[in-house]
Amino acid sequence: MQSRVPDHLNSSGLRIGFSAEKGRGVYAARPLEPRTVIEISPVLLFSAAEYREHGRHTVLDHYTFKWKDGRMALALGLGSLFNHSQQPNVSYTLDKETESIRYTTTRRIEDGEELFIFYGHNLWFDAVDAGTVEPILEDPDDGWGGLAGVDNDEEDISALDIQISVYAHGNAQDVIPEDELPFTRIRLVRDDEEDELIAINTQPAWVVDVPDARHTATMLSWLKKSGIETPTMSHLKRIRKQDGSLTVLLALTPEYPQVPALPDVPGLSEPYVVHVPSTVALTQVSLKHKNTLWPTVYAPRRKGEAEEWTRGKALWACKAMKRVVEEAQDAGRRGELPITAHVPIPYEKETRDAAQLPAPFLAHDTRMSTSHPLRHAVLNTIRAVADYRASSSTSLLSTPTPPPIPPPTDSSASIPLPGAAGTSRFVAEVQAPQNGAHYLLTSLTLFTTHEPCIMCSMALLHSRVKEVFYLTPMSRTGGCGSVACVPALKNVNHRYNLGRWRYLKGEPGAMADERSITIADDIDA
Ligand SMILES: C[S@@+](CC[C@H](N)C(=O)[O-])C[C@H]1O[C@@H](n2cnc3c(N)ncnc32)[C@H](O)[C@@H]1O
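Sequential numbering of the sequence shown, starting at 1, is according to the UniProt record's numbering.
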């Protein structure tokens with residue numbers, strides 16, 4: 001049946017067409033370049049109650065978009081007429097400021113092609129998919145073990161809301177018992193590793209010989225002020241006395257690759273590199289061995305003991321995880337894979353001061369829209385932080401312009417990328433970190449919807465992240481406990497902590513997790 005469609009052409013070259021299977025749709029009336037904004041539709045907003053009581057019982061339910069704050073939006077203009085495809089050629093963003101939706105082409109479009117958005121995974125009709133390629137999200141062999149973890153599903157959010165309310169009440173300083181934390185820790189090393197001492201993990205560090213012991217105090221106070229000390233050196237003592245000579249530790253070379261400048265102290269040697277232990281000594285045996293390399297801090301731990309978490313910190317983490325899920329759902333609605341990673345401002349003040357992160361970083365997976373296989377959410381996030389670190393440690397005049405990368409999804413809360421509009425102003429306002437350029441995610445926590453793949457897990461290792469929390473394990477590709485456990489590999493020069501979020505879908509109140517994984521025994525740490 002042919003429907004009468006208005007002879008409509010918008011200024012970007014879109015017209016309304018009709019097909020028997022899908023009804024009206026939006027078509028290109030001329031070729032369109034990738035990343036062209038083809039339509040900006042103002043929206044009509046319904047409150048959550050108004051929609052629940054009225055809207056959803058009407059035909060409106062086939063047309064409305066979920067707005068960010070729980071309201072529902074009806075796109076005016078052409079926005080309501082885009083049909084759905086598993087291989088969308090248009091992505092969209094909700095613009096809260098102007099109460100509108102912006103539609104952008106994700107690839108080149110030929111004259112006459114239909115334009116599709118991605119509605120999500122829970123369709124209410126039998127979809128005719130115009131895509132010629134097998135749909136990525138429905139292919140059981142997609143290599144991602146299925147991406148249903150944050151599949152446009154309000155249950156994820158309500159489960160997280162319940163967790164938030166659990167931690168929001170009570171004294172923020174209270175230490176939360178291990179089994180009441182919102183995550184289960186994945187142990188990286190066997191308890192007996194320290195005693196076995198198969199190999200001590202080391203990393204290179206700059207040191208300098210100080211011939212006259214009277215200059216030690218001057219050296220140490222200079223070191224404090226110099227800004228080259230990093231929190232990752234906290235397990236190492238600053239001075240080594242050996243065979244009558246005295247050597248001062250300056251910096252770890254991965255974080256400070258250039259030869260450090262020295263104070264004006266007579267007789268100092270040129271800085272040189274030695275290999276120092278990567279972690280504290282947990283046992284006396286280990287201390288003895290590690291001290292032969294460099295004097296190391298002794299921090300005995302009971303078996304399995306890990307960092308304590310307060311109620312306030314658990315609340316901070318739940319909010320961060322909720323943000324990740326919301327953004328992933330949003331990305332999914334726009335035709336991206338619903339995977340997001342997020343590095344929030346640290347909870348503890350000392351970490352905040354050390355990390356010098358002026359705003360949270362958040363990015364989603366952009367493999368679909370960029371047709372680029374490496375645009376994983378974690379890599380996009382690390383790269384955004386790296387670009388920020390690089391730009392803020394150089395002068396404005398020399399700010400490099402990297403190749404274009406997908407911006408974080410929330411421009412209001414995230415850092416503009418170098419080369420993007422507005423970056424220069426931002427960089428000018430933030431004090432350049434003196435020693436921040438080389439250690440990317442040191443002391444920071446990354447939250448992500450899906451267990452990072454092996455590539456991303458390795459990138460996290462290189463970026464020196466402190467800890468990673470993920471919601472959905474990836475049984476076939478995960479590099480943080482499923483297929484491999486990259487931070488537990490033998491001889492890696494950095495380890496980060498891992499936690500898998502606990503909550504049961506459909507039973508949001510349940511804080512125990514049946515699916516929790518332990519990998520300790522089969523890891524050759
Ligand atoms: C937002 S409207 C899109 C415009 C609609 N085709 C019209 O004529 O008003 C959503 C409706 O379009 C239809 N639709 C969208 N994508 C489709 C697809 N891939 N296959 C079949 N029907 C589709 C479904 O009936 C759905 O309820």
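We put the beta carbon where it would ideally sit given N, CA and C, even for glycine.
Straight-line Cα distance separating residue j from residue i
i	j	result
L236	A281	10 Å
C453	D126	33 Å
C480	T58	45 Å
T466	P473	Checking the displayed sequence, the identity of residue 466 turns out to be Lys instead of Thr. Those two C-alpha atoms are separated by around 19 Å.
A328	P338	4 Å
V248	K313	36 Å
R15	M72	26 Å
A28	M368	20 Å
L160	H364	19 Å
G13	V26	10 Å
W294	C485	28 Å
S47	R389	41 Å
T98	F65	15 Å
L252	E114	55 Å
R323	A377	14 Å
I162	H169	12 Å
S19	D69	34 Å
D7	L461	56 Å
K319	A299	31 Å
P217	L223	The amino acid at residue 217 is misidentified as Pro; the sequence shows Ala. One C-alpha to the other measures close to 10 Å.
D141	R107	Confidence at D141 is low in this model, with a pLDDT of 29, below 50, so the placement of that residue is unreliable and no value is reported for it.
R352	L268	34 Å
F447	G227	28 Å
E178	L374	36 Å
T104	P358	30 Å
N497	H372	29 Å
A49	P31	42 Å
V325	H289	45 Å
Boundaries (first-last residue) of the alpha helix (DSSP H) holding residue i
i	result
S463	Looking at the DSSP string, S463 is not in any alpha helix (DSSP H), and its letter there is neither H nor E.
K225	T216 to S226
K288	Q284 to L293
Bridge-paired residues (DSSP) for residue i
i	result
S245	Q242
L45	A73
F82	In the DSSP output, where bridge partners are listed per residue, F82 has none listed.
R24	F18
Y51	Partner(s): none; Y51 has no beta bridge.
A251	W206
S450	It is worth fixing the name first, because residue 450 is His in this sequence and not Ser. Per DSSP, T472.
R310	In the sequence under discussion, the amino acid at residue 310 is Thr, which differs from the Arg named in the question. Answer by DSSP bridge pairing, in chain order: V175.
E39	Y103
W501	F183
residue 555	Summary: the structure shown does not reach residue 555, with the chain confined to residues 1 through 525, and so no result is reported for it.
L9	R15
L444	Beta-bridge pairing links L444 to no other residue.
L236	T296
C480	C485
I162	None, per the DSSP bridge assignment.
L123	DSSP output for L123 lists no bridge partner at all.
Other residues of its chain near residue i: CB distance less than 8 Å, five sequence neighbours each side excluded
i	result
Y63	L74, A75 and S80
V273	P204, A205, W206, V207 and T253
L315	I164, Y167, A168 and A172
Close beta carbons around residue i, own chain, < 6 Å, minus the five adjacent residues each side
i	result
P88	F116, I117, F118 and G335
L188	P487, A488 and R495
A354	P231 and S443
First and last residue of the uninterrupted beta strand (DSSP E) at residue i
i	result
residue 562	The question about residue 562 has no answer here: the residues shown for the chain are numbered 1 through 525.
H494	Neither: H494 is in no beta strand (DSSP E) and is coded neither H nor E.
W206	T202 to D209
S100	S100 to T105
Y92	V90 to D95
I186	F183 to I186
K490	Where K490 is concerned, there is no enclosing beta strand (DSSP E), given that its DSSP letter is neither H nor E.
T64	T64 to K66
Contacts around residue i, its chain only, beta-carbon distance under 7 Å, and the 5 residues preceding and following it disregarded
i	result
S100	I40, S41, P42 and V43
L220	R238
R102	V37, I40, Y92, T93 and D95
S245	D209
A148	At A148 the pLDDT is 34, less than 50, meaning the model places this residue with poor confidence and gives no usable figure here.
Which whole runs of the beta strand (DSSP E) in the segment 254-279 are 3 residues long or more, in chain order?
272-277
4 or more residues per run - each alpha helix (DSSP H) lying fully within the segment 314-402
349-355, 367-370 and 377-392
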